[in-house]
Amino acid sequence: MLTFGLRRAQLDLQCHRLWLRSFSSAQSLGAKSVRAQFTLDRHKGITRPFRKDGLEEPSERGWKNEWQSGSTDDPPKIAKSPAQQRKRERKINRVLGAKLRDAPESRILKLEALGAHGELLDAVAKEDIKGVIQAYSSLPEKKPLSSEDFHAVAQCTHACLRFLNLEYLAPHLKDSKKGQYDTSDIVAFAERLAEDIRRGYLVPNTAAHLHLLGIFRESKSLAAGEKFWRWLQTQDDSHVSTGVYGAAIEIFAMAGRPLQDCEKLYDEALARFPGSFFAYHLSPNAILPDREKPMELKGIPMHLQEAIIRARLLLGDTRNAYLALDTALRLYPTNISHRLLKNFLIERPITEAYTIYAMAYRAGMNTSGQVFKTLMSSLRLASNMTSIPVHFQVLRAMVSMMYVFLGNSKKIPSNTLAELTIAITHIGLLPGVAAMTQSQRDEIFQLVLDIIKTLWDVGARFQATPTASAFVNIIKNIAAPAQSRSIAENAMADMTALGLEPTEATRRAMMNVAGAIADEEMVHKTWDDIVASRSAKGKRPDLIDLNVTIKAARQVGMKAFIQQQADVAKQYLSSKEQSSIDYYTMGRDEVVPNPELARSTAEEILEGVKRLRADLAIFDEKTKDPSGAMDFSKRPGMLLREPSIFADIPEAEMRKIYDEFTTEQVRKSPSSDDRDATFAEHETSQFSPDDTVPDTDPTVPKTDPIVPDPASTTQPDPSTVTPARSMPLSPTGIPLSTLRYESWRAINALLYHSARNDRAHAAAVDVAIWEGRSPPKREMGFTGENLEVGEWGFGGVGLGEGQEREEDVGARGEEGEEGEEGRKRDGEESKGDVELARGEIGRLRGRE
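Each residue of the sequence shown is one higher than the last, beginning at 185 in this note's numbering.
Right, dumping it as structure tokens:
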């Protein structure tokens, strides 16, 4: 097939022939003027109507009559938009392409292309990227693919890249039946697809373009992605959409482009695809038509909102990122993309991410088990294992998060159950455990095993079984520190009962136990098992096996055994690995235990274990019926504790502030009789039936619905009974209006704490630069500051605290008139605090 440049040259040749024919009619039309005008038209870009053969044809009314009348004025210049020029080029391609398709050579080529087309679609169905690339390469230059075919190819390519990234994390998922490929093959193929689109060889498809940009983003080929986007940006709406704009924004942010460029693309997308006032609805100060109902407006580009949130997080604009999240929660309080949640988990401290996930799960938002497992892993790794209070706070946060996830999804993934089990077993690795007396360790570890048993009982109700890694950590982190062979043997027996095979990690854990209990026979037996297992795979014990074994043998005092295995290992280990063997062979001085430290540590750990056991008891009680739905409407969410400037404000006053920020405040002059229609009123009337009056109309008095008395024997007149108004609820039983209010309060707290986090990090960076050190990384995990009761307080994450809060709420409801009068007096005294809170919320939200 001819390219567009060759087709254009062919058209120029035909026009030149027409120019030569003009000399034959020079006597009747004026030779000089005909030639000059035709040349002038071509230089000015003025085109004429097409004949059926695709050539330009002079207009009888315009062109011919002009020259017959002897006019010497230049014809007016016709300005053409880029879209009109592209439309003309496509028309030329269709005309010339029709002639080429009639050629016999083209018919043979078409038959060959049909065979390659079938092979391509078969490879796409099998997700065989090597087959897709080979079949695509055998197609003719002008690809005989429909828009849907192109989308399928791009989608398959993107899926293969994601699977390749998953294989990097889990090599056992590699499919040997599919061809070997790597990221560079996929990126090169994506670049070829992008080039074919630019040349006009493929029919444009916005979903396919989105996948190509996603490939460039996830493979970090940002230059190729930006090049493709620059071309797409100049095309018509068949090439771009709000989703494509969102992908471009993420590429810009990952490439380190200024935030202004990302914001410019965001504004450009909303201006190019305005929809039904999308720009207004996505603004931080937009007013909902009805806070109690779901958003009925369709098509709001939330993927574009997610992209700008990620760009703001990556480029340091945390405040506007949280305001955009507040907008998303206001529009759709029960539905947020898991990609958006992961952005906060990656870019912000875990204390902030925990709050966002807790809001999402409590509202009924569903995420995959893998997303939840990533959250639980991040929580587990947030403990630095040097602070006992921090570690127990992490454990209680994980239990609370599993509770809200279970209440929403009605399932517990087995790998997530293992994450929590592993975190609980890490109690045995806390500082000071080794210095405890045997009786202190026995008491603590027995409670820990009871907690794990309760957790596994809950998991069994939802078809979650412990994994091999959970048993390995029980043996290594509980049995070894407890110096208990029975715990290790029971764990091995339970593994066998569940059909789990021992792994290399299991045998190394048993070696740890052998060293802890100083059992020489067990060391020999476990070492023989390690050697036999490695030999069955054609391997020798690796460095980790040797280090664990030498450490255990040193605890037992087996010096001859240590030297023997070290000499054998040096025959096949590298010099670097041999130095590690020498380090473990030399041994280290034993740490003398401190009785006072052991006593205080035991008391602190015992207190934390008891609190954790109370949380698990509540978890167990509330999940007795696996089929029952958990009602979260009466229990506050496990959220980041509000700063005192907000927490001390009475609920009624905070509701008033919420109304001021989220409703249209109409201020009328007493002498004014006209009622100005605001945008929010227009939206409300748009979604309200014509024969009903909105609840917010102050001219209509509100009346309570008439509900029949069940104890009465007299049936009321049906015409006088007003049906009770149904309140839209979330999947977890919470009214949407309540969810929106709680999300608004949580965002206020997140804005406050994120500003504090950013200022603390900026100060640490400034100090490091002043001292000539490399800037420190942002603190992403739990710290001691997070546990303080003051401004930084991360409290109330345990299920036990939630139960206490429920009882406190019930007690306050029974105080009676005296309690009500006391609250009124407190409200009068706290007017200054209310104004202070109102001002702080306005400052955080940019409404100073």
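Glycine included, each C-beta is placed from N, C-alpha and C at the ideal position.
- Here residue 919 carries a strand assignment [DSSP, helix/strand/coil].
- With 16 or more other CB atoms across the displayed protein chains lying within 10 angstroms of its CB, residue 490 is buried.
- Residue state for residue 913 is assigned as strand, using DSSP reduced to three classes.
- Closest in alpha carbon position to residue 791, among 575, 466 and 918, is 575.
- An exposed status is given to residue 728, since fewer than 16 other beta-carbon atoms sit within 10 Å of its beta-carbon.
- The beta carbon of residue 391 sits closer than 7 Å to the beta carbons of 335 from its chain, once the five residues preceding and following it are set aside; these are given in chain order.
- Non-local C-beta neighbours of residue 914 in its own chain, meaning closer than 8 Å and more than five positions away in sequence, comprise 517, 518, 547, 548, 920 and 923, ordered along the chain.
- For the options 507, 764 and 629, the alpha carbon positioned closest to that of residue 662 is the one of 629.
- Cβ-Cβ distances below 7 Å link residue 768 to 731, 734 and 735 in the same chain, with the five nearest sequence neighbours on each side left out; the list follows chain order.
- Judged by DSSP in its simplified three-state form, residue 721 adopts coil rather than helix or strand.
- Per DSSP, the continuous alpha helix (DSSP H) segment holding residue 727 begins and ends at 727–740.
- Per the coordinates, the alpha-carbon of residue 476 lies some 40 Å from the alpha-carbon of residue 602.
- Nearest Cα to residue 933 within the set 682, 1025, 272 and 397: 1025.
- The beta carbon of residue 837 sits closer than 6 Å to those of 1018, all from its chain and outside the five residues before and after it, given in chain order.
- A straight-line Cα-Cα distance of about 10 Å links residue 394 and residue 400.
- 695 is the residue among 507, 346 and 695 whose C-alpha sits nearest the C-alpha of residue 672.
- Remark: C-beta atoms of residue 333 and residue 319 do not approach each other more closely than 9 Å.
- Taking each of 405, 945, 619 and 787 in turn and checking the Cα distance to residue 368, the smallest one comes out for 405.
- Contact between residue 816 and residue 918 holds: CB atoms are separated by about 6 Å, below the 8 Å threshold.
- For residue 555, the uninterrupted alpha helix (DSSP H) run begins and ends at 553–565, by DSSP.
- Residue range 462–465 is occupied by the alpha helix (DSSP H) that includes residue 465.
- In the structure shown, residue 610 falls within a helical segment according to DSSP collapsed to helix, strand and coil.
- Nearest to residue 478 by C-alpha distance, out of 488, 466, 443 and 514, is 514.
- Nearest in C-alpha terms to residue 325, of all of 467, 309, 317 and 384, is 384.
- For residue 660, the number of other beta carbons within 10 angstroms of its own is at least 16, and it is reported as buried.
- Selection 580, 607, 711 and 460 evaluated against residue 802 yields 580 as nearest (Cα-Cα).
- Only buried fits residue 510, as 16 or more other CB atoms lie within 10 angstroms of its CB.
- In the three-state reduction of the DSSP assignment, residue 575 falls in the helix class, which pools H, G and I.
- In the three-state DSSP reduction, residue 766 falls in the helix class (H, G or I).
- Assigned with DSSP and collapsed to three states, residue 847 falls in coil, not helix or strand.
- Between residue 397 and residue 432, the C-beta spacing is below 9 Å.
- The Cβ neighbour count for residue 535, taken over all protein chains shown within 10 Å, is at least 16; the residue is labelled buried.
- In this structure, the beta-carbon distance from residue 492 to residue 531 does not fall below 9 Å.
- Here the alpha carbon of residue 807 sits roughly 21 Å from the alpha carbon of residue 552.
- Taking residue 1027 as reference, the option from 504, 520 and 341 with the minimal CA-CA separation is 504.
- Cβ-Cβ distances below 7 Å link residue 415 to 382 in the same chain, with the five nearest sequence neighbours on each side left out; the list follows chain order.
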